[in-house]
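Enquirer: Residue numbers -20 to -1, 1 to 658, in mature numbering (1 follows the signal peptide of the UniProt record, and there is no 0), belong to the letters of the sequence shown in order. Glycine residues also receive a C-beta, built at the ideal position from the N, C-alpha and C atoms. What you are looking at is a predicted structure, and each value in this text was computed from that prediction instead of being measured. Structure incoming, see below.
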Amino acid sequence: MKATGFISLWTLVSLPCGQLANPAEHEDVVKHAIKLHRGKGAVITQKKQWVLESCRKLSGLLRQKNVVLNKLKNAIRAVERDAGLSDEEKLFQVHTFEIFQKELNESENSVFQAIHGLQRALQGDYKDVVNMKESSRQRLEALREAAIKEEMEYVELLAAEKHQVEALKNMQHQNKSLSMLDEILEDVRKAADRLEEEIEEHAFDDNKSVRGVNFEAVLRVEEDEANSKRNASKREVEDDLGLSMLIDSQNNQYILTKPRDSTIPRADHHFIKDIVTIGMLSLPCGWLCTTIGLPTMFGYIICGVLLGPSGLNSIKSIVQVETLGEFGVFFTLFLVGLEFSPERLRKVWKISLQGPCYMTVLMIAFGLLWGHLLQIRPTQSVFISTCLSLSSTPLVSRFLAGSVRGDKEGDIDYSSVLLGMLVMQDVQLGLFIAVMPTLIQAGVSTYSSIFKEILRILILIGQILFSLAAVFLVCLVIKTYLIGPYYRKLHAESKGNKEILILGVTAFIFLMLTITELLDVSMELGCFLAGALISSQGHMVTEEIMSCIEPIRDFLAIIFFASIGLHVFPTFVIYELTVLLFLTLSVVIMKFVLAVLVLSLILPKTSQYIKWIVSAGLAQVSEFSFVLGSRARRAGIISREVYLLILSVTTLSLLLAPALWRAAIMKCVPRPERRSST
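Dropping the structure here:
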């Protein structure tokens, strides 16, 4: 260490020592500092002699540190001049000395920073919360930097230890003759080392200096084992594999996504246990709902409630369960499209296009009116109204399962109208997700930039319309040139082996959702279009594919509805039951009345009777409101309370949907068709 640095440090140390020699002059400051750092007005028990002795000890340690640094420098020069050592051994020893030097310097810097912090605290005002917050932030940043440096030093020590072990092995191999097997294993070891170096991604070093990356303190939590002695070896293996859980200061929990060593297979046992538990509990829950006359999907939602945060809290991998559940939505919409042929879509396309648009506009108008009366921000009113205007496609598709029929005497089939309107709402969902960033900015924009915001929204709408046109052209090309030869090839290759057929259909579904995602349209629309394109090949093709895909859809749908139950909080519903029932009934009645009004205007006179059934199918709120609500809450569009209200109203509306649907079916559908509809 340089002499100037030592003198400046000693001056800073001696300064508070000299100031403490006059306690009468600084008595108030000392009391304030004690209250700030200890939380109580304790009496000063340290005497002047103790302070002086501590300063002398610190001075002696710093002088001893300088002596050690000089010895380390001489040792490094001696190693570099030693001709009897190999280059690798010289590098190892020098590296070891440099690590020890760094350790001494970091320890001295820690003392220096602590003294600076003490001096800043003594000069500050103990009533100034802003100053204390800034001091705490600075200490936190210093601790984070120190943790990163310590982590790097630990990694360097591990590398040095590994290098030392390899050097000892090389010396032992040089002193004895190796057998053929030992030589082969040595070559394999070297090749394995090269492989690890090639595939290892230095993600930590590469991203720690990237803009926007923050250093945070996390907790590493291991699994709780009932018998620590019996499972000690198991924990040691899991520690080595990195299968523990990390928790940050915001209570977010993280699991391993990609290990450092990719040569060892790993499995997320929490996720496996979660799926197994959901699969076992969903059977009695679904069975119970079937017994009392409710759709099985409500049993799966109840399963999620029982296992989720509001119940037993046994589901650990919530994000992973929700991600797997999204595939249930994909396959459900694919089967909906498989039953909904393009010919039927062409017959009801005007109704499917006009109906959802009119309903959304009316919902937003009513939302703005009520928002003005209740003094709610316009952006919040628009979001809530749009969110509540959407209806659940998976739920309605379950209602319509087995009830899709041909048209009779030129009348329009209610299932065609209902599915067409739901598909258009899925398109609106993609449009709304695309407009949401502008909606966020509009919430904080001034009136001077309102024209820019309107222009930006119009540009976004134009982009969405262009994307929809591009999707239509892609579907036209696939239907004309590709889907026929593709299915015939799959059918020829899958004779006696359904695996090829299932894989080919699944790949086509994923291709279509990827195309729509790349074109900034919702992936759900791509799944529906994949089913509609395959259905154009005929009824026999539809039946064959449906028999293969339905079991996959059923299992993934269980996961999806159970993931919805993870976000249902019965205690909150019970506390606010009166308010929630009033809001839910208001939303359901409003959507039903608006749907009847809109359909009365756009349906032909000969098909006016189906408006009651279609309106009943549209009178609930889509489960995608959970997704939109979570995004809006993170963006600050809605508050936590509004988010919980949206979740609860959505859940209660889904619970009321079967009763409303059955009432409409009983009133409007003839008895022979009613059996297939219910």
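So, helix, strand or coil for residue 292, using DSSP?
Expert: It is coil, neither helix nor strand.
Enquirer: Could you pull the DSSP bridge partners for residue 234 from this structure?
Expert: DSSP output for residue 234 lists 226 as bridge partner(s).
Enquirer: Can you give me the C-alpha to C-alpha distance between residue 37 and residue 50, rounded to a whole angstrom?
Expert: Using only the alpha carbons, I get a separation of about 20 Å.
Enquirer: Straight-line CA distance for residue 443 to residue 456?
Expert: Going from the Cα of residue 443 to the Cα of residue 456 covers about 20 Å.
Enquirer: Within the same chain, show all residues whose beta-carbon is closer than 8 Å to that of residue 134, passing over the 5 residues directly before and after it, in chain order.
Expert: The answer is none, since no qualifying residue turns up.
Enquirer: Whole angstroms are fine: how far does the CA of residue 569 sit from the CA of residue 582?
Expert: Approximately 20 Å, taken between the alpha carbons.
Enquirer: Just to confirm, are residue 507 and residue 489 a CB contact at a threshold of 7 Å?
Expert: Cβ atoms of residue 507 and residue 489: closer than 7 Å.
Enquirer: On a CA-only basis, which of 362, 395, 360 and 370 is nearest residue 377? Give me that one, please.
Expert: Of 362, 395, 360 and 370, the residue nearest in Cα terms is 395.
Enquirer: For residue 199, which three-state DSSP category applies?
Expert: Correct three-state label for residue 199: strand.
Enquirer: So for residue 501, helix, strand or coil by DSSP?
Expert: DSSP places residue 501 in coil when its eight states are reduced to three.
Enquirer: Does DSSP classify residue 638 as helix, strand or coil?
Expert: Correct three-state label for residue 638: helix.
Enquirer: Mapping the DSSP letters down to three states, classify residue 43 as helix, strand or coil.
Expert: Helix at residue 43.
Enquirer: When you compare the CB positions of residue 404 and residue 578, do they come within less than 7 Å of one another, or not?
Expert: No, these two residues do not count as a Cβ contact at 7 Å.
Enquirer: What are the boundary residues of the alpha helix (DSSP H) that includes residue 351?
Expert: First-last of the alpha helix (DSSP H) with residue 351: 329 to 353.
Enquirer: Taking the straight line between their C-alpha atoms, what separation do you get for residue 99 and residue 557?
Expert: C-alpha separation (whole angstroms): 57 Å.
Enquirer: To the nearest angstrom, report how far apart residue 483 and residue 441 are at their CA atoms.
Expert: Looking at the two C-alpha atoms, the distance is approximately 36 Å.
Enquirer: Using the beta-carbon count (16 or more within 10 Å), is residue 638 buried or exposed?
Expert: Buried, because 16 or more other Cβ atoms sit within 10 Å of the Cβ of residue 638.
Enquirer: Grab me the residues of residue 552's own chain with a C-beta within less than 7 Å of its C-beta, minus the 5 sequence neighbours each way, in chain order.
Expert: Answer for residue 552: 624 and 628, listed in chain order.
Enquirer: Assuming residue 480 contacts residue 470 under a Cβ cut-off of 8 Å, what Cβ separation, rounded to an integer in Å, is found between them?
Expert: The Cβ separation is near 6 Å, so the contact holds.
Enquirer: So which of 645, 273, 520 and 256 has the shortest CA-CA distance to residue 295?
Expert: Residue 256 is the option with its Cα nearest to residue 295.
Enquirer: If you follow the alpha helix (DSSP H) that residue 521 is in, where does it begin and where does it stop?
Expert: Start and end: 519 to 545.
Enquirer: Taking one C-beta from the stretch 277 to 284 and one from the stretch 534 to 549 each time, how about it: are there three or more such pairs within less than 8 Å?
Expert: Yes: the two stretches touch, three or more of their Cβ pairs being nearer than 8 Å.
Enquirer: Please tell me whether residue 199 and residue 227 are closer than 7 Å, where the distance is taken between their beta carbons.
Expert: Taking 7 Å as the Cβ cut-off, residue 199 and residue 227 qualify as a contacting pair.
Enquirer: Within this structure, are the beta carbons of residue 517 and residue 466 separated by less than 7 Å?
Expert: Going by C-beta atoms, residue 517 is not nearer than 7 Å to residue 466.
Enquirer: What residue range is occupied by the uninterrupted alpha helix (DSSP H) comprising residue 467?
Expert: Its alpha helix (DSSP H) spans residues 463 to 473.
Enquirer: When we look at the beta-carbon of residue 40 and count the other beta-carbons within 10 Å, is it buried (16 or more) or exposed?
Expert: So residue 40 ends up on the exposed side.
Enquirer: Pick from 561, 232 and 237: whose alpha carbon is nearest that of residue 630?
Expert: Residue 630 has its Cα closest to that of 561, out of 561, 232 and 237.
Enquirer: Would a C-beta distance cut-off of 7 Å place residue 304 and residue 529 closer than the cut-off?
Expert: No, they are not a contact pair.
Enquirer: Use the C-beta contact count for residue 331: other C-beta atoms within 10 angstroms, 16 or more gives buried, fewer gives exposed.
Expert: When all chains shown are included, residue 331 counts as buried.
Enquirer: Between which two residues does the alpha helix (DSSP H) containing residue 551 stretch?
Expert: Start and end: 550 to 555.
Enquirer: Compute the Euclidean distance between the alpha carbons of residue 640 and residue 299, then round it to the nearest angstrom.
Expert: For residue 640 and residue 299, the distance between alpha carbons rounds to 32 Å.
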